[in-house]
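Asker: Mapping of the sequence shown onto the working numbering: residues 403 to 915, in sequence order.
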Amino acid sequence: MLVRTLSSAVLGIDAYPVSVEVDNSPGTNRFTLVGLPDLSVKESRERVVSAIKNSGFRAPRGVTLVNLAPADIRKEGSALDLPIALGLLTASEQLRNGRLTDYAMAGELALNGAVRPVAGALPMALAARDQGLRGILLPKDNANEAGVVPGIEVVPVESLREAVDFMSGALEIQPHVTDIETLFREGRRSAADLSDVKGQAHVKRALAIAAAGGHNLLMVGPPGTGKTMLASRLPAILPDMTFEEALETTRIYSVAGALANGSHLIVQRPFRAPHHTASTASISGGGQGQRPMPGEVSLAHNGVLFLDELPEFNRSALEVLRQPLEDGAVHVRRAMYSVIFPSRMLLVAALNPCPCGFRSHPRVACQCSAGEVQRYLSRLSGPLLDRIDLHVDVPALSYDEIADRRPSGASSAEVRAFVQRARDRQRARHDGRFACNAHLDSKTVRESCLLEPGAEKLLQHAIDGLGLSVRAYDKILRIARTIADLAETETIAESHVAEAVQYRSLDRKILSG
403 MLVRTLSSAV LGIDAYPVSV EVDNSPGTNR FTLVGLPDLS VKESRERVVS
453 AIKNSGFRAP RGVTLVNLAP ADIRKEGSAL DLPIALGLLT ASEQLRNGRL
503 TDYAMAGELA LNGAVRPVAG ALPMALAARD QGLRGILLPK DNANEAGVVP
553 GIEVVPVESL REAVDFMSGA LEIQPHVTDI ETLFREGRRS AADLSDVKGQ
603 AHVKRALAIA AAGGHNLLMV GPPGTGKTML ASRLPAILPD MTFEEALETT
653 RIYSVAGALA NGSHLIVQRP FRAPHHTAST ASISGGGQGQ RPMPGEVSLA
703 HNGVLFLDEL PEFNRSALEV LRQPLEDGAV HVRRAMYSVI FPSRMLLVAA
753 LNPCPCGFRS HPRVACQCSA GEVQRYLSRL SGPLLDRIDL HVDVPALSYD
803 EIADRRPSGA SSAEVRAFVQ RARDRQRARH DGRFACNAHL DSKTVRESCL
853 LEPGAEKLLQ HAIDGLGLSV RAYDKILRIA RTIADLAETE TIAESHVAEA
903 VQYRSLDRKI LSG
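1. Whole angstroms are fine: how far does the CA of PRO726 sit from the CA of VAL732?
2. Between which two residues does the alpha helix (DSSP H) harbouring GLY615 extend?
3. My understanding is that THR627 touches PRO797, with C-beta atoms under 8 Å, so please give their C-beta distance in whole angstroms.
4. If you reduce the DSSP assignment to three classes, tell me which class LYS845 lands in.
5. How many angstroms separate the CA atom of TYR418 from the CA atom of ILE654?
6. Going straight from the alpha carbon of ALA955 to that of VAL551, what length do you get?
7. Would you mind sorting THR584 into buried or exposed? The rule is 16 or more other CB atoms within 10 Å of its CB.
8. Are the beta-carbon atoms belonging to THR711 and ARG674 less than 7 Å from one another?
9. Would you kindly report the start and end of the unbroken beta strand (DSSP E) that includes ASP567?
10. Assuming THR407 contacts LEU540 under a Cβ cut-off of 8 Å, what Cβ separation, rounded to an integer in Å, is found between them?
11. Mapping the DSSP letters down to three states, classify VAL657 as helix, strand or coil.
12. Look at the alpha carbon of SER871 and the alpha carbon of LEU661, and state the distance between them as a whole number of angstroms.
13. Is ALA680 close to chain D? Criterion is C-beta to C-beta, closer than 7 Å.
14. Answer with buried or exposed for HIS677, where buried requires no fewer than 16 other C-beta atoms within 10 angstroms of its C-beta.
15. Less than 7 Å between the beta carbons of ALA874 and ASP788, yes or no?
16. Identify every run of the beta strand (DSSP E) within the segment 482 to 532, keeping only runs that are complete inside it and at least 3 residues long; order them along the chain.
17. State the CB to CB distance for the pair VAL465 and SER427, rounded to an integer number of angstroms; the pair is presumed to be in contact (CB under 8 Å).
18. Determine the direct distance from the alpha carbon of ARG823 to that of ILE885, and round the result to whole angstroms.
19. State the DSSP-derived secondary structure class of ILE685, mapped to helix, strand or coil.
20. Output the residue ranges of the beta strand (DSSP E) runs that lie fully inside the segment 808 to 867 and measure 3 residues or longer, sorted by chain position.
21. Quick check: the segment 772 to 781 against the segment 596 to 614, are at least 3 beta-carbon pairs closer than 8 Å?
22. Assuming VAL556 contacts ALA565 under a Cβ cut-off of 8 Å, what Cβ separation, rounded to an integer in Å, is found between them?
23. Can you find at least 3 beta carbon pairs, one from the segment 748 to 762 and one from the segment 614 to 633, that sit closer than 8 Å?
24. Between which two residues does the alpha helix (DSSP H) carrying PRO977 extend?
25. Is DSSP giving SER773 helix, strand or coil here?
26. Starting from PRO694, follow its DSSP beta bridges and name the residues at the other end.
27. Any idea what DSSP makes of PRO726, helix, strand or coil?
Structure below.
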């Protein structure tokens, strides 16, 4: 008997349909699995047969052939266990083909027949909806994740027996629906507040500009000045995530298997802080396996990627940042596949001004030679620094600033309100084509950045005097545009350009001098 069940497999952050074709005919017992299965899929034979027997069913006899179509794409993972098992039971006439054509299914089977969670449930649910199916059967632990997808029934099952009873019509299971409004209301904000950071008013100003315009930020200063604390507060002043942003971010975490059990939807902007020993593949994505995995730049999508001790990172790991910083995506190409991972993140980097860290400290003497400082800072390439919009010095604090028990500056909520208004102005100006000023192309920069005469003259002197690149010129215009948006003015004034220029001068004054 020939039977077809429906499932899907993940490639990149998307899922594509997989048709599980099962043919069972009389003959000497033999089980063959074809369709480019990897080792974990090949091992499903043992898991599926044991699960079938331990769930009270008879193991299929005779010649059994299972084909995973399309046969030209390698299949990975254990998510095909459940559709293979249901196909075998139907082909051996132990399950009536009642709902097989209406539902996709995915899940790993334990030897006792329990259904275990799998990675990629969210994109699988989206793929089932796009195919026009009524619903999808998923492990109960994946129901919260997939339940955010509108327009499709998400049916949670805990065992193979439960899945069989539902497919045969003997059991009705209420589809799981996630309350998205409640998730956004209860899960948005963390306790960390920008006012908790002592002093550093000018750095907080730079953080507000970075959040308002989506600008990348580099902080330079000795150890213990609050660089990490400041960076960790940045997600709290970014605008709230939209449902579309939350859905796309959750898809990335779903594919990476980084969602905690029972997780619903990522509604807080991610904050990723990889260690400086991270490999190039872990930063950019891809990896050595057959299935490409998202890296840190993609896990920080719609959020913040924080790189502390920037010169300590592998040079190649830093250079791969150049593409996602420009394009907002990572293109991973291998012999067997080509995928694109979205990587529209806000990069925040921190570094000491020298190996010992005290080159700019007012009270602690630096122990580094000029050669050591030069070798340390030469690990950062000019093209990478050009892609970081804001460069800001983070000086050591005085005792009075450290001992002050009062809240320091505006709260995160207050700053976020200013940021949101600036973002709203940017979206309205460009009819939603660009989310923020940092994403503007060169043509739009020149069209939307209207300079007053004094501002034009100041910018000319700054470019000639500092010897900045064409990319740096565009970034100064974008930063000045953001500063003007925070000031709620359409014309860029001389003071806006002056502030924007000083955020680009640190790579000459500190990193070179």
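Glycine included, every Cβ here is placed at the ideal spot set by N, Cα and C.
Answerer: So, from the data block:
1. Distance from the CA of VAL732 to the CA of PRO726, rounded to the nearest whole angstrom, comes to 6 Å.
2. Unbroken alpha helix (DSSP H) run through GLY615: 603 to 615.
3. Yes, THR627 and PRO797 are in contact; Cβ-Cβ is about 7 Å, under 8 Å.
4. Judged by DSSP in its simplified three-state form, LYS845 adopts helix.
5. CA-CA distance, TYR418 to ILE654, rounds to 15 Å.
6. Here the chain covers residues 403 to 915 and nothing more, so residue 955 does not appear.
7. So THR584 counts as exposed.
8. Before going on, a small fix: residue 711 reads as Glu here, not Thr. In this structure, ARG674 does not lie closer than 7 Å to GLU711 by Cβ.
9. Per DSSP, ASP567 belongs to no beta strand (DSSP E); it is in the alpha helix (DSSP H), 562 to 570.
10. Contact between THR407 and LEU540 is absent: CB atoms are separated by about 14 Å, not below the 8 Å threshold.
11. Correct three-state label for VAL657: helix.
12. Between SER871 and LEU661, the C-alpha separation is close to 41 Å.
13. Here chain D cannot be found, since the structure has a single protein chain.
14. Classification of HIS677: exposed, given that the 10 Å Cβ count is below 16.
15. Cβ distance < 7 Å, so ALA874 and ASP788 count as in contact.
16. Within the segment 482 to 532, the complete beta strand (DSSP E) segments of 3 residues or longer fall at 505 to 507, listed in chain order.
17. Indeed, because the Cβ distance is near 5 Å, the residues count as touching under 8 Å.
18. Their backbone Cα atoms lie some 12 Å apart in a straight line.
19. In this structure, ILE685 counts as helix in the three-state DSSP scheme.
20. Entirely contained in the segment 808 to 867, not one beta strand (DSSP E) run reaches 3 residues.
21. Taking a contact to require three or more Cβ pairs closer than 8 Å, the segment 596 to 614 and the segment 772 to 781 do not qualify as touching.
22. Taking C-beta atoms under 8 Å as the contact rule, VAL556 and ALA565 fail to qualify, at a distance of about 14 Å.
23. Enough Cβ pairs lie closer than 8 Å, so yes.
24. Nothing about residue 977 can be read from this structure; the chain reaches only from 403 to 915.
25. Note that residue 773 corresponds to Gly in the displayed sequence, not to Ser. Helix at GLY773.
26. According to DSSP, which records beta bridges pairwise, PRO694 is partnered with nothing at all.
27. The three-state secondary structure of PRO726, taken from DSSP, is helix.
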